[in-house]
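In order, the protein sequence lines correspond to chains P and C. Counted the way the numbering used here counts, the first sequence spans residues -17 to 349. Counted the way the numbering used here counts, the second sequence spans residues 3 to 370. Cβ coordinates follow ideal geometry from the N, Cα and C atoms, glycine included.
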Amino acid sequence: MTKKKPRLTDAVLLDAIRRLGGKVTATELGQVLKYYPDRTIRYRIKRLREKRVLGRLWPQTLDTKLGLGDSAVVLDMSEKYKALPRTFLDCFPNFYAHYVSYGRYNGYQIAAGYPTGNPQILDRIIRAMKNMGVIKGSYVLKTLDFISLAGDLSKYNPVSGWDWDWREWVDQSEKTIKVGERFPLEFDQNPAQFDYDHKDIEIIAELKMNATLTHKELSEKIDLSETQIGVRIRRLKDAGVLRGFAWLTEQTPRNIVLYTFFELEEPDHPVFTCFLHLPFRKELVMDSSDRFGVRLTMDSNDVLGYLRGLETLRPHFLSYFVQSCVSIGIVPGGMHGFYHLHKESTGRWEMPVEEYIQNLERFVEKY
Amino acid sequence: MSKRKRKLTDEMLLKAVTELGGTGKAPELGEMLRFPERTVRYRLQRLKEKGYLYHEWPQTLDRKLGLCETGLFLEPSEEYRDLPRDFLQCFKNIYVNYATYGRYNGHFAAGGYPIDEPQLIDKMIHALKKMNVIKDYFRFDTVDYIPLSADLSRYNPAAGWNWDWKEWLEQSEKAIRDDEPSGLDVVWDHGTMTYDHKDIAIVAEIKAYGPISHKEISKRVGLSDTQVRSRIRRLMNEKVLRGSVWLIPPTPDSMILYTFVELNPSDDSALACYRYLPFRKEIFVDKPNKYCIKIVMNSSDLVGYFKAFETLRSYFDSYFFQTLLNESVTHETIHDFYHLHNESSGRWEMPMDEYIWNLEKFIEKHKS
């Protein structure tokens, strides 16, 4: 009699990915799904990618520990420069990604880096833009710490989108708030510094371009032996810089990113817990113990339900606003170029802000 | 040889309704398509059953009856952030309210005020501010509005709107390049007509109950059939009754998006672009440079509109969006709202002091 081996279905695999918080390699999955060899798992993942259930793998890093601060900057464009081409943002190589953004502020939303030792450079840039009359208002949320949660892929279908019901979310949220279920995850409010050098940053830069690179491939790109790569990656993981890998859903034309910025009385207020009930991919960002931002990647048809549900949550925010972001743009040179703002020779993040501002002045003049 | 019988298809009928500006009754459509009225009526009924058409919405210009329209975006203060939206029920001059997000986050209230008392709304806002219920607001008074019909031939109840934002962007850029005028025929002063309570009672019946027979109206407002008929004719001649448009049945995905724009009225081709959008939209006018475009679309259309707007936005002096959702009607029916017009005094009675007092009581109750 032959022993019948259960087939590894998409549902089983997606459930395992979800249980592992979405941050998984085939080997890690193999430890959970003991029945199946790595090879089978790798094959099934490949199939899921072909079916567009899974997009690409994204390494999640807390760059603050590498001396690189991260922030969300929202710009309200002035009337005078409303037609300024979007490429003016390229004057700032530390603006690594940007969206067209609508909401309380109408203009652009930018993901911007800064040296943790010199956060004032952001203020300097914004002040210059204001003085030049390019913007009339702005909002900045700096990432002290973040928690990244993969979407519940078992509720995602590449054709029909996310299977959820905003009314259910409201019911869950009302219950959560009523019983006072505190926010269960913890932000690290005093992230310890980590002793890093340029090679560590090179590793991160390569992984951000392609997270599926093997140690061997990495060692070919970076002047390090395979063993050294392995040691460094383990160190980066142990220090909480490299927080694992998350499967993203394939980008589709329906995708829209909604940022909800809010202030809370207490950082673990139950209203924060309510966001965990949503199926989408979420990034929860803490600026300080009372200022937060939640980034949700959803489909256009989910926006209405989200905003409907948000009406239940909003009385619990001291203040809040929502920005809708579309049409992503990436800094010329990509993430690789951005990370190479760290200079090997000085061992520092070099962001010559006065030079950037001069570039903008020239750009505006030409315009 | 047998004569081939033409068949009246859904497509033909929806196209005809669209060509008539979203309106069209069976006789008119029948004449246009050369089909018997009975056939048209039957096909319209079928389209309703299939979810393509909902009902006809009577459009009115209440300003000529001394009733002005205002929209208020209210941003709650931190202190009253948990005050239920029901507080707006204290104000009988508000007929509907929504939750809203955008530049202003909080509540949207639509209501009216008597044409000779615009300060009534100032008083309301002043009170809300003084009591610290709101920290900020935005007011938009509708002086005139222009409905732009939906392209019903592009709508399917199952698949939604068939449109492509890139195509719209091309049409829009061409319209702007060609300096295509918006063609919006805004009337800045409609004046008022001589009216009495019976006229308002008739409008209230039509507005609340839609297509209603003259006989039914005459029974409800206490006038003879002939009188109702001649009054309706007068209201139509005066353009108080502006005809009815077909609405699409609301689905769980339908949403209302307001785009507020400021632009130079002598260079308004950016507004012409909206003619090429398939959705139902209305353009409201407050001042010669201040417009509001109301679009009823599906949530899934939002991302395309936002993407296209990246290009369009530079043609406006300023702009912002507001979404309106979770509708809550203040009056039991729109009927009650019109009956704020008092028969004995012959005036629109909106005792704001009383409304504010109601709010004070509401807040007291909320606090305890």
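Closest in alpha carbon position to Glu58/C, among Tyr97/C, Gly245/C, Asp180/C, Glu33/C, is Gly245/C. Per DSSP, reduced to three states, the secondary structure at Glu293/P is helical. Distance from Leu63/C to Ile202/C at the Cβ level is roughly 13 Å; contact not present, criterion being Cβ atoms closer than 8 Å. Cβ-Cβ distances below 8 Å link Pro120/C to Cys70, Asp143 in the same chain, with the five nearest sequence neighbours on each side left out; the list follows chain order.
Excluding its 5 nearest sequence neighbours in each direction, Pro261/P has C-beta neighbours in its own chain below 8 Å: Gly133, Asp134, Lys137, Tyr138, Trp144, Asp145, Trp146, listed in chain order.
Taking CB atoms only, Ala65/P has a neighbour in chain C less than 7 Å away. Assignment of alpha helix (DSSP H) within the segment 222 to 306 of chain C, counting only whole runs of 4 or more residues, yields 227 to 239, 271 to 274 in chain order.
In the assembly as shown, Arg216/P is an exposed residue. Its beta-carbon has fewer than 16 other beta-carbons within 10 Å.
According to the DSSP assignment, Arg43/C belongs to the alpha helix (DSSP H) that extends over 39 to 51. A contact is defined here as three or more CB-CB pairs under 8 Å, and the segment 332 to 349 of chain C meets this definition with respect to the segment 86 to 98 of chain C. If you draw a straight line from the Cα of Cys307/P to the Cα of Arg231/C, it comes to about 53 Å. Separation of the CB atoms of Phe308/C and Tyr87/P is rounded to 14 Å, and the pair is thereby denied contact status at 8 Å. Spanning the alpha carbons of Gly73/C and Thr194/C requires a straight line of approximately 21 Å. Annotation: Pro149/C to Phe262/C spans about 16 Å, alpha carbon to alpha carbon. Using a CB distance below 8 Å, the part of the segment 213 to 247 of chain P facing chain C consists of Pro235, Arg236, Asn237, Ile238, ordered along the chain. Cβ-Cβ separation between Arg225/P and Leu15/P: approximately 22 Å, too far for a contact (criterion under 8 Å).
In the DSSP assignment, Thr325/C forms a beta bridge with Tyr103/C, Leu259/C. If you ignore the 5 residues before and after Met257/C, its C-beta comes within less than 8 Å of the C-beta of Val298, Met299, Asn300, Ser301, Leu304, Thr325, Leu326, Leu327, all in its own chain and listed in chain order. In this structure, Tyr317/C sits away from Ala274/C, with a CB-CB distance that is not shorter than 7 Å.
Bridge pairing for Ile117/P: Met59/P [DSSP]. A Cβ of chain C is located within less than 7 Å of the beta carbon of Pro297/P. Using a CB distance cut-off of 7 Å, Tyr84/P counts as an interface residue toward chain C. Distances from the alpha-carbon of Val189/C to those of Ser370/C, Val19/C, Ile285/C, Pro78/C put Ile285/C closest. Take Asp220/P, set aside five residues on each side of it, and no residue of its chain has a beta-carbon closer than 7 Å to its own.
In terms of Cβ geometry, Phe281/C and Ala152/C form a close pair [threshold 7 Å]. Contact of Ser301/P with chain C by beta-carbon distance below 7 Å involves Glu80.
Pro261/P is bridged by DSSP to nothing; it lacks a bridge partner. Taking Asp127/P as reference, the option from Leu66/P, Phe243/P, Leu266/P, Gly315/P with the minimal CA-CA separation is Leu266/P. Between the segment 358 to 368 of chain C and the segment 82 to 95 of chain C, the count of C-beta pairs closer than 8 Å reaches three or more; the two stretches touch. Between Leu39/P and Thr194/P, the gap from beta carbon to beta carbon is short of 7 Å. Annotated three-state conformation of Glu58/C is strand, per DSSP. Taking C-beta atoms under 8 Å as the contact rule, Ser282/P and Ile238/P qualify, at a distance of about 5 Å. Counting the other CB atoms within 10 Å of its CB gives Met238/C a total below 16, which places it among the exposed residues.
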